Structure formats: structure tokens, C-alpha cells
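See below for the structure under consideration.
Protein chains: 2
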Amino acid sequence: MLRYTVERLRNHIKRMHKKIILTGDRPTGPLHLGHYVGSLKQRVSLQHTHSQYIMIADVQALTDNFEHPDKIRANIIEVALDYCAVGIDPHVSTIFVQSYVPEIAELSVYFLNLVTVNRLMRNPTVKAEIEQKQFGPSVPVGFLVYPVHQAADIAIVKGEVVPVGADQLPMIEQYNEVVRAFNRIYNTQLFPEAEALVPAKAARLPGIDGKAKMSKSLGNAIYLSDSAEQVQQKVMKMYTDPQHVRVSDPGQVEGNIVFTYLDVFDPYPDEVAQLKEQYQKGGLGDVALKRRLIDVLNSFLEPIRARRATYAADRAAVYELLKEGTAKVCAVADETIHSVKEAMQINYW
Amino acid sequence: MLRYTVERLRNHIKRMHKKIILTGDRPTGPLHLGHYVGSLKQRVSLQHTHSQYIMIADVQALTDNFEHPDKIRANIIEVALDYCAVGIDPHVSTIFVQSYVPEIAELSVYFLNLVTVNRLMRNPTVKAEIEQKQFGPSVPVGFLVYPVHQAADIAIVKGEVVPVGADQLPMIEQYNEVVRAFNRIYNTQLFPEAEALVPAKAARLPGIDGKAKMSKSLGNAIYLSDSAEQVQQKVMKMYTDPQHVRVSDPGQVEGNIVFTYLDVFDPYPDEVAQLKEQYQKGGLGDVALKRRLIDVLNSFLEPIRARRATYAADRAAVYELLKEGTAKVCAVADETIHSVKEAMQINYW
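In the order they appear, the protein sequences are chains F and H.
So in our numbering, spot 61 of the first sequence is number 61, and the numbers just go up one at a time.
Convert by adding 349 to the 1-based position in the second sequence; the result is the number in our numbering.
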């Protein structure tokens, strides 16, 4: 009887425990529609079902921007404003700034002992990024070791779920290797393994030039903070079907970025289906089509802009929110480091 | 006139400023006569002319002992007792424990961005140690990056003088490269370059087996905490001249470790000179010679043992001394990190 009650209580507690998410962004520029589709939208809903930590990863951004800390500095608040603008509630999610949690650095030092140099060199994500960033033989050590630092980001809040793109899966593998090693060597169960939350394939939005990925560095992004005019200009330059010259010409729908965006953002999929039919037959001009997308995007962005403007009117208050979130994480981090040192037996007094 | 006064004041302040020393030991075992001759003796006198920080480098010791933190844990207090025993005054020198200064880890993360992987791989000290420790292809990342962490150790207290063996000179070179890069990139003069203080060649004491270096891992060390009996046993096993079988045989002085030790520790060099002559001619037995060394070493070690016993009687008080020293360093470290973040412009609030 008693045992039955204990079991029920346990299950109840288990149901009550909201899984811990760690996610975040490098503050190297304002966030764009690609971020919205790929992660921000998901965060807005996950914040109610999970205990969600969102990290503004300035330390990580510095690993390949260490000569431009001013850029990072300027984008801390922009990213925070973007979060609030899309509906991430800073009183529900915990938004924090990485560099203000020194315990992450502290933990990463102990994690660095648990990974071999060879293992790091073989990490496919790191390999690809080193190539992409064209460091040549001059990879900064900070960049090479960032998967280990990232492991400390997750571990410091004991993250259980980490939303990542498919290309980032090796990072979660690396994380699980590190915490398994830690738990084994120091005979503890301190760190749960993390589960990758990979978004559906549709969640990757192409840039306005039709390139696979929307990104600041490629200059093909529509930002959440773009004005109605900027959105109009960018959509007008959008890649469609180069063969579709006159209105009466039949046009291609596949690979036509305007339709890709309508599929994602247009609230009336039936009408989009009709438009596709018309476009393929001929008789629907690019300009008319783009006007629809401009309306759709601006309707979508309008409440985001409005919320952004409200928050942006009092930037000091936004910094206060970041301070509060960071203080919450510091308290958690302090507890984690305490347990880490206890497990490692390096708590001498 | 005014200018003259200002200049005099400046020079006065300059004379008043005691140069900052950072030094320390990895707490992997008790300290031995080799440590005394190579560094401890020097520290006892430097503490009065310099502002001396002595770090018990547990974090660094963990880079190649991460599976045996219990060994590190046990040796923290032993090393502290050895310091106090030889006459390092914990109220004059600042003795601290590395892992309790998280700002070192924090600073090292920013320093990691300023060093390339290739540069680290070329560091002669690291190369030699990786070979010596036989890591093979499994060098822990923590071990590879330790010169950068060591740079953070020095920088956190703005060290100006670092006593090192000649084999460690590349570490100081690495340090100066890192702080030059930091000062240049972040347009600051925060970190002075450090000067290596290399001991005289005579400062390396061979092991009792005649091997070049006294070391715990070679099992050829006489510890500062050895009892009179242990010293006697070790000296009796000491390497002399294998050809010197009978008392009347002429013996070799060069490479005769007993004489090497007498040269270092015997307070009567004239008598040692006479003994050498007698030994070379024949008529002086190894046992008689070793008895003298036993007396010399035990006379030397007696006050050290006595001081050690006094401190060891109240271990809690020694931990208090470590706590006090560490708190002093934390205050300095906090200031340094504050200036670092200011220089990097990553102080957002």
C-alpha cells in the first residue's frame, strides 16, 4: 500500500519535472526569418512545456570575432530585443549572457581533460567549420575547443534537450561522450545525457537569393527588425524563375523562393495552391506574386515590430531582464560547480 | 621645479613597487630536497624583496591526473606544510589554491582565442612533455592547452617575474606572446610582459641513484618531510663510486652523489675539500662519508621538521591560511577580470 503511494508520488514528480532545454544564439548580428523558422518559433511554444534557458553566446562568438568585440557588444541587446519581439517571454524563459557566468569557463577546464586532441580534430562539425572559415593553419585554440566549452554550457544548467540543426548533431554526441566520461570517472550521476531536438527539414529557410541558407554573412537575409520598406525591397529582389519573363509565360514553382516563403508564412494555403496552379499555367506575374508575399511578411512581422518597439523604448529595462536571467543561471551554475567539485573531491574546505 | 618633484615622486613609487612574482607547484606529492635547492630556498629570500604569489596548481595537476583527484586532494595540505616548513611565511608570501580562483579559467578562455593550434603544437616544452608522458595519440586537450592556462595564472595577478627552469623558458615566451597580442588587439597596457628568473645551473640536485633529476616518479628523492631514519636509509643506498670497494681504494669524486650533496648542504666547505682529497687518495670509506652526509642532512632538515610539526599539529589552521591567501588572490583576480572585460568592451552592464 505504502509502496504503491510512493510509486504514484514518484510518477507525479516525474510528470511535474519540466525537461531542461539549453538553446541560444551567437550575438553576431540581428536575427532573421531563418532564425524564426528554424528555432525561435519553436522556443515560443517550448517555453511553456519545458524549463528553457536561452543563452546569448558572446564568449563563443568571440572565438572567431575576438578582434571585433564591439560587434558582439552591440548585438547583445539586439538579439535580446529579437527574442522578446517574437514572443519569447523573459519571465517564462531564462535569457542570459554567457560571459557573465564564469562557472561555464570553470567547468570547461575540467571537461578539457576528458577529451583527446584527436577526438576534437575528428569532430565533423568542427572540421567543416574550420574549412568554411578558412583559418588555414591558424585555427585559434579557442575555436578548436569550442565543442568542449559548448558541453560546459549545456552541463552547467544540466540541460536535457538541446535543439540543433542536423549538422550540429556531432556536438551533442561530443557532449554525451564528455558527460559519460565525467560520470564514470568521478562515480556520479550528476549530468544526464542530452537529447538533440532536430527540427523538421522544412524548418530551413533559403535566403532571398535562393541560396540554401539565410545568413547575415551571405547578405541574403530578411531581419525580424526590418522595416516594411526594407521587406518590400528585399522581396522585390527575390529569386523566382529566370525563364518566367512575361506575365503570360508559364513559370516554375519548384525552387521559386517566393513560393517557398508563401508556403511557410501565408495563412491561406488553399489560395497559395491556386496561385501555384495559375503560375505554372501562365498568367500570374512575379510582381503580383511578390506583392502578396510582401503583404504576408509584413502582416507577420507587424506584431513582432510592435513588440520590439515597446521593448526598445526602454533598453535599460531589457538589460535589467538580462541581468535577472543571468543571475538565475549563476545561482544554478554555482550549485552545479559545487556538485562538480564534490564529485571530483576537489572541495578542500 | 614642480616637474622635478613629480619625477622624484615617480621614481620613489617605482622603487617602492615590489615586483610581482608568480610561482608554485603541482600538488602531486610531497616536496623534496630538489625542490628546496631549485626553488623553495629562493622563495624564502624573494618573499622579502618581491610581492610573491605561490600557487598550489591543482587544476594543472589534474590535466594529467584527472583520474586520480584523490592524490591531488591529499597533497594540497602536504605542499602547504612543506612551504611553511622551509620558512615561506604565509603572512608575507601569498599562498593560494588554483581551483578556488575561477577567474583564472575565465581569463584562459579569452586567451585561448589569441593562440593558434599550430603555435601550441610547436611549443618545445609541451612537445617534450607529451612525449615524456607517453600519451601517444590520446593527449587530453587540457594538457595541450596548459601553457595558455598557465598564461592566465600569471596574468591574473599581473606577474612580472616567473622563476622557471631553463626547460620552461618557452612557457614564458608563450606568455609574453599572449599578453602582447591581448594588449595590442584590445588597445591596452593591462598586462606587463614577464621576465623569467632562471636559477643557477647548480640548483638542480640529482636523485640518490645518480639520475639527473630528483623526482617522485623516479623514486629517488629525499623528502623534506622524511624522518631522520628515512634520510639515513636513503643516504646509505646512495650512488657513490662503484670501483671504490675497500676503504683503502682510491675513489672518484666526480659523479659521486654523496659529494654532490655535501657540496650543496655541508656548512664547512673546507672540510669537504679535505675529504675529497682523502677520498681520491684512498683511505676514506663510503660508510664514513655517508655518515657525515646523514648528519649534515639531518641537521639541515631538523628545523624544517620542527616547523612542519608545529604547523601540522593544527591542520585546520593551515587550511585557514590557504583560505586567506586564496581570498587575497580572488580579490586581485576579480579586479583583473574587471579590467579585462573593460578592455575587451564586454562589460555590458
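Where is the CB? At the ideal position from N, CA and C, for every residue including glycine.
These figures come from a predicted structure and were not determined experimentally.
Fewer than three beta-carbon pairs drawn from the segment 103-113 of chain F and the segment 66-73 of chain F are found closer than 8 Å, and the two stretches are therefore not classed as touching. Secondary structure within the segment 129-166 of chain F: the beta strand (DSSP E) runs of 3 or more consecutive residues, fully enclosed, are 161-163 (chain order).
The beta carbons of Asp58(F) and Gln98(F) sit closer together than 8 Å. Of all residues in the segment 84-117 of chain F, only Val97, Ser99, Tyr100, Pro102, Glu103, Ile104, Ala105, Glu106, Leu107, Ser108, Val109, Tyr110, Phe111, Leu112, Asn113, Leu114, Val115, Thr116 and Val117 place a beta-carbon less than 9 Å from a beta-carbon of chain H. Lys281(F) is outside the set of residues whose beta carbon lies under 8 Å from a beta carbon in chain H. Under the DSSP assignment, Leu197(F) falls in the beta strand (DSSP E) whose first and last residues are Glu195 to Leu197. For Phe300(F), DSSP records no beta bridge to any residue. Considering only Glu342(F), Ile337(F) and Ala343(F), the residue with the shortest C-alpha distance to Pro451(H) is Ile337(F).
Note on His384(H): 16 or more other CB atoms within 10 angstroms of its CB, so buried under the neighbour-count rule. Following the DSSP letters along the chain, one finds Gln401(H) in no alpha helix (DSSP H) but inside the beta strand (DSSP E) bounded by residues Ser400 to Ile405. Its chain contains Val231, Gln232 and Val235 as the residues whose beta carbon lies nearer than 7 Å to that of Ile294(F), once the 5 sequence neighbours on both sides are disregarded; these appear in chain order. Secondary structure of Phe111(F) (DSSP, three-state): helix. Relative to Asp663(H), the option among Lys390(H), Lys368(H) and Leu430(H) whose CA is nearest is Leu430(H). Taking one beta carbon from each stretch, the segment 178-188 of chain F and the segment 217-231 of chain F have fewer than 3 pairs nearer than 8 Å; the two do not touch. Using a CB distance cut-off of 8 Å, Tyr175(F) does not count as an interface residue toward chain H. Within chain H, the C-beta atoms nearer than 8 Å to that of Arg73(F) come from Gln694, Ile695 and Tyr697, in chain order. Checking the DSSP bridge columns, you'll see Val446(H) partnered with Ile405(H). With respect to chain H, the C-beta atom of Asp70(F) has a partner C-beta closer than 8 Å. Think of a sphere of 8 Å around the beta carbon of His498(H): the chain F residues whose beta carbon falls inside it are Val109, in chain order. Secondary structure of Gly251(F) (DSSP, three-state): coil. Where Gly24(F) is concerned, the enclosing beta strand (DSSP E) starts and stops at Ile20 to Asp25. Between Glu324(F) and chain H, the shortest Cβ-Cβ separation is not below 8 Å. At least 8 Å separates the CB of Leu546(H) from every CB of chain F.
Among the residues of the segment 14-43 of chain F, none has a Cβ less than 7 Å away from any Cβ of chain H. Listed in chain order, the positions of the segment 676-687 of chain H with a beta carbon within less than 9 Å of a beta carbon of chain F are Ile686.
Judged by DSSP secondary structure, Ile346(F) falls outside any alpha helix (DSSP H); it is assigned neither H nor E. Chain order gives the chain F residues near Glu416(H) as Ile185, where near means a beta carbon separation below 8 Å.
Contact between the segment 155-165 of chain F and the segment 296-315 of chain F is absent: fewer than three C-beta pairs spanning the two stretches fall below 8 Å. The beta carbon of Glu427(H) sits closer than 6 Å to the beta carbons of Pro379 from its chain, once the five residues preceding and following it are set aside; these are given in chain order.
Using a CB distance cut-off of 8 Å, Ile425(H) counts as an interface residue toward chain F.
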